[in-house]
Structures are given as structure tokens and as C-alpha cells.
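Enquirer: In our numbering, the protein residues as written are -7 to 234.
Just dropping this structure here.
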Ligand code: IPE
Ligand code: IPE
Ligand code: MG
């Protein structure tokens, strides 16, 4: 990989294609989600190795509740399995885990595991690994606005405090409650779909987008490095001109 300073600081990934991977192999959808968890483990490790500061993954959207009960509960069972088997290693690797989204609405066993993970890794200073769970951008923005109004009403915000971009940002899941994550430099989506599906709509204003046909369970560190290399050749202008 090229010099460290050119590695994006924050990479966000829409991990898509688990179901199609399973169908391709004649396996149940949950086998696809299991294989997806394994791919995720490798990408977390590779992100640490490459010196990426923030990795954010989209694991379960507010819209994914529309899937069958069997699939939804299976995904949360796999999440518990992942936390149980990986927490020690994540902690040893100095990874700090964060959750974006209303994870308290998840089944209690999963929510408890997540609380424990947040608690255990709270002081870690290495890769910041954020998992978007029961996350949707529109819900996030509505929640931010409601909380700003509530804080104004309760006098926790000065009555004359102007509502600007900085203030709204602080009320998002990526804001104060999670240490104010920087906006993603690069958003990757696997499986050939080219849309954001309600992921980080506010935060992606100037993110570079990368799409690959590879299905998430087949996403390897090599493919990851290929995309990062491509990112390094892009010209980010943020609306200005030299
Ligand atoms: C992504 O894979 C994982 C989740 C959305 C939970 P999908 O399950 O969306 O896989 P496809 O899109 O059906 O192939
Ligand atoms: C987006 O994928 C959500 C996650 C990857 C967790 P979906 O598969 O749910 O998105 P759509 O339905 O293709 O837009
Ligand atoms: Mg999908």
C-alpha cells in the first residue's frame, strides 16, 4: 500500500450481497450472513494494518426489519456469535468499538453483548470500528432535530443558539455521543448495487464513492487494497478550485 498519509482516514462500507452469495452456492441466506461476518473480521484486521483511523460498516438498516423473522433473528444470533468470539482479539488489537443506530431496540441478548463490547473497548486508542445497527440516516436526522428541540425546550441549549451544520452534526449518531466521527472519506458498496440505501446521507456530502461487483462474503483484503489505491488517485475538490 502507498504511503500512510494517503490512506483515507475514514472508510465506510455497505456490506451487501450476502443473500446472493448464498443463493449462488445453493445455501440458505443465513449461511451468506455467516460468511459475511468472516469477511468483516478480515477487513477489520486489514484496516488496522493499513493505519486507517475509522472503519464504519453498515450491518443492519432500519428497513431490514422488513425481512423474514427467521432471517432477522438469525442475523442477531450471528452478531452475538461474532462478539463472543472476537471481543478478546478486538480488545487486544486496541480496537475501539462504537455503535451507530438504536441498538437498544435489538433483542436483549444482542443489546447486552454490544453494551459489554462498548464498555470493554472504551479506552482503546487504535482503529475506531463503528457498526451501524438498526441504523437509518433519515431516522438519525429526525432524531437529531427532535433532540435539539427537546434540549432547547429544557434550557439545555441557549435559546439564542443558532442551529447550524455544526450543531446538527453533533446530534447525529456520529456526533457527540460517539466522539464526533469525521465524515467518511470513502464509501464502498459491494455486490454491484449503486445506491446508499439510507446510509450516512448527511455525512457523505463529499465522500468518494466506490462500487464493486464482488459480493460481500468474497470481499478480500486484496480487493480492499485495490479500491483504496483507486481512491488515492482521485482528486477531491470539495467545491473549491486551486
Ligand atoms: C447484506 O446482504 C447484509 C444485510 C443487509 C443484513 P443482503 O442480505 O442484503 O444480500 P443480498 O442483497 O440479498 O444479496
Ligand atoms: C443495505 O443493504 C443495508 C446493509 C448492507 C446492512 P440492503 O440490501 O438492505 O439494501 P437494498 O434493499 O438493496 O437497498
Ligand atoms: Mg442487499
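Note that the Cβ used here is the ideal one computed from N, Cα and C, for glycine as well.
#1: Under the three-state reduction of DSSP, which class applies to residue 3: helix, strand or coil?
#2: Using only the alpha-carbon positions, how far apart do residue 234 and residue 227 sit?
#3: Can you find a heavy atom of ligand 2 that lies under 7 Å from the Cβ of residue 56?
#4: Tell me the DSSP bridge mates of residue 48?
#5: Residues in the same chain with beta-carbon distance under 7 Å from residue 53, minus the five sequence neighbours each way, listed in chain order, please.
#6: Heavy atom of ligand 3 less than 7 Å from the Cβ of residue 8, yes or no?
#7: Kindly give me the distance between the Cβ atoms of residue 88 and residue 118, rounded to whole angstroms, as I take these residues to be in contact under 8 Å.
#8: Here's the rule I'm using: 16 or more other beta-carbon atoms within 10 Å means buried, otherwise exposed. How should residue 61 be labelled?
#9: For residue 13, is the classification buried or exposed, using 16 other Cβ atoms within 10 angstroms of its Cβ as the cut-off for buried?
#10: Between 25, 173 and 198, which lies nearest to residue 232 when the distance is taken from Cα to Cα?
#11: Which complete beta strand (DSSP E) runs does the region 141 to 202 hold, if anything under 3 residues is left out?
#12: Output needed for residue 39: all residues of its chain with C-beta closer than 6 Å, excluding positions within five of it in sequence on either side, in chain order.
#13: Mapping DSSP to helix, strand and coil, what is residue 207?
#14: CB of residue 66 to nearest heavy atom of ligand 1: below 7 Å?
#15: Whole-angstrom Cβ separation of residue 211 and residue 31, contact assumed at under 8 Å?
#16: To which residues does DSSP link residue 90 through a beta bridge?
#17: May I have the straight-line CA-CA distance separating residue 24 from residue 224, to the nearest angstrom?
#18: Ligand 2 and residue 187: does any heavy atom of the ligand fall closer than 7 Å to the residue's C-beta?
Expert: Taking the structure as given:
#1: strand
#2: 12 Å
#3: yes
#4: 4 and 122
#5: 127, 128, 189 and 190
#6: yes
#7: 7 Å
#8: exposed
#9: buried
#10: 198
#11: 178 to 181
#12: 47 and 119
#13: coil
#14: no
#15: 5 Å
#16: 122
#17: 31 Å
#18: yes
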